[in-house]
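Q: Residue numbers (this note's numbering): 6 to 195. We treat Cβ as the ideally placed atom computed from N, Cα and C, and that holds for glycine. It should be emphasised that the depicted structure is a prediction, and the values quoted were computed from it without experimental measurement.
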Amino acid sequence: MDLVFATNNAGKLSEAQDIVKNHKIISLKDINCFDDLPETHETIFENAEEKAMYLWDKYHLNCFSDDTGLEVEALNGAPGVYSARYAGQQKNPEDNMRLLLENLKCEDNRKARFHTEVVLILDGKIYHFEGYVNGIITREKRGNQGFGYDPIFQPEGYKITMAEMTADEKNKISHRGMALKKMGKFLLDY
Ligand code: IMP
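Next up, the structure:
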C-alpha cells in the first residue's frame with residue numbers, strides 16, 4: 006500500500022523508506038498537500054497525532070507523522086515540544102543551541118534525551134511508536150554533520166557528538182530510527 010509520511014523532508018522520507026520495505030512511502034507533495042500541518046499541543050505525542058489525524062480527516066489516506074523534541078533533565082524536559090522554536094519563531098538552530106548552552110552554563114547535570122513519537126493511522130485506527138536516545142549536552146559545539154542540536158548532543162556510550170557521526174552511524178542509533186523501526190516491524194504484518 007501507499008503510506009503518506011506527513012513531511013516533505015527528503016532525508017526523513019528516505020530513512021523511512023529504507024526501514025519500511027514492504028510499502029511505498031509517499032510525501033505531502035505527492036498527494037498535493039501544501040497545507041501547514043497544525044502543531045498546537047503541548048506534548049510531542051499530541052502534536053504527532055494531530056498531524057496524522059489532520060491528514061486522515063482531510064484525505065482518508067493511510068498515513069503517519071513524527072514529532073521530536075530534545076528533553077534536558079536539568080531543565081525539567083525543556084526545550085521538549087518547543088525544540089524547533091526554543092529561541093524564537095525564526096527556528097534557528099544556532100540561536101537554539103546558544104540559548105540552551107547559556108541556560109545550562111552553571112549546570113553540572115548535562116543529561117538529556119531525544120524523544121520521537123510516530124503516529125500511524127491505518128483505516129482510521131491509530132497506532133503509536135516511540136524512540137529515545139539518551140546522552141548529554143556538551144559544553145561547546147563539535148562537528149558539522151546532521152542538523153538541529155546535533156553539535157551539542159553526545160549520545161551515551163560515545164565520545165563524539167551526533168554532528169561528528171556519519172549519517173549512517175547516526176541513523177543506526179537515532180530516536181527517529183528507533184520509532185520508525187518499531188513501526189516497520191508492525192507493518193510487516195500488513
Ligand atoms: P521535528 O519534529 O523532526 O521537526 O523536530 C523538531 C526539532 O527537534 C528540530 O527542529 C530540531 O531542532 C530538533 N531535532 C529533531 N531531531 C533531531 C536530530 O536528530 N538531531 C538534532 N536535533 C533534532
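Would you call the stretch 66-81 and the stretch 113-129 touching, i.e. three or more CB-CB distances under 8 Å?
A: Output reads yes: the stretch 113-129 touches the stretch 66-81.
Q: In terms of residues, what are the limits of the beta strand (DSSP E) holding residue 142?
A: On the sequence shown, position 137 is the one that residue 142 refers to. Unbroken beta strand (DSSP E) run through residue 142: 130-142.
Q: Please go through the same chain and pick out, in chain order, the residues whose beta-carbon is closer than 7 Å to the beta-carbon of residue 2, but skip the five residues on each side of it.
A: Because the chain here runs from 6 to 195, residue 2 falls outside it and cannot be looked at.
Q: From what residue to what residue does the beta strand (DSSP E) around residue 70 run?
A: Taking the sequence shown and counting its residues from 1, the one referred to as residue 70 is at position 65. That run of the beta strand (DSSP E) goes 68-77.
Q: From residue 215 to residue 111, what does the alpha carbon distance come to, in whole angstroms?
A: No answer is possible for residue 215: the residues shown for the chain start at 6 and end at 195.
Q: Of all residues in the structure, which have a C-beta closer than 5 Å to any heavy atom of the ligand IMP, taken in chain order?
A: Matched residues: 72, 73, 88, 89, 153, 154 and 155.
Q: What's the C-alpha gap between residue 100 and residue 88?
A: Mapped onto the sequence shown, residue 100 falls at position 95. Mapped onto the sequence shown, residue 88 falls at position 83. Approximately 11 Å, taken between the alpha carbons.
Q: Roughly how many whole angstroms lie between the Cα atoms of residue 141 and residue 38?
A: Translated into positions along the sequence shown, residue 141 becomes position 136. Translated into positions along the sequence shown, residue 38 becomes position 33. Distance between the alpha carbons of residue 141 and residue 38 is about 38 Å.
Q: Taking 7 Å as the limit between beta carbons, can you name the residues of its chain near residue 18, skipping five residues before and five after?
A: On the sequence shown, residue 18 is found 13 positions in, with the first residue counted as 1. Hits under 7 Å: 10, 12, 30 and 32.
Q: Would you call residue 175 buried or exposed, if buried means 16 or more other Cβ atoms sit within 10 Å of its Cβ?
A: Residue numbering aside, residue 175 sits at position 170 when the sequence shown is read from its first letter. Buried, by the Cβ-count rule.
Q: Can you give me the start and stop residues for the alpha helix (DSSP H) that residue 100 sits inside?
A: The residue labelled residue 100 in the question sits at position 95 within the sequence shown. First-last of the alpha helix (DSSP H) with residue 100: 98-108.
Q: Measuring alpha carbon to alpha carbon, tell me which residue in 40, 14, 96 and 162 is nearest residue 63.
A: Residue 63 sits at position 58 when you count from the first residue of the sequence shown. Nearest option by C-alpha distance: 40.
Q: Return the CA-CA distance between residue 181 and residue 162, expressed in angstroms with no decimal places.
A: Here residue 181 corresponds to residue number 176 of the sequence shown, with the count starting at 1. Here residue 162 corresponds to residue number 157 of the sequence shown, with the count starting at 1. Cα-Cα distance, rounded: 18 Å.
Q: Looking at the structure shown, is residue 36 part of a helix, part of a strand, or coil, going by DSSP?
A: Looking up residue 36 in the sequence shown gives position 31. Residue 36: helix per DSSP, three-state reduction.
Q: Please confirm whether residue 74 and residue 85 have their CB atoms less than 7 Å apart.
A: Within the sequence shown, the letter at position 69 stands for residue 74. Within the sequence shown, the letter at position 80 stands for residue 85. Taking 7 Å as the Cβ cut-off, residue 74 and residue 85 qualify as a contacting pair.
Q: Rounded to a whole number of angstroms, what is the C-alpha to C-alpha distance between residue 188 and residue 106?
A: In the sequence shown, counting from the first residue as 1, residue 188 sits at position 183. In the sequence shown, counting from the first residue as 1, residue 106 sits at position 101. Using only the alpha carbons, I get a separation of about 34 Å.
Q: The beta strand (DSSP E) with residue 60 in it runs from where to where?
A: Reading the sequence shown from its first residue, position 55 is the one you call residue 60. That residue, residue 60, is in no beta strand (DSSP E); its alpha helix (DSSP H) goes 49-64.
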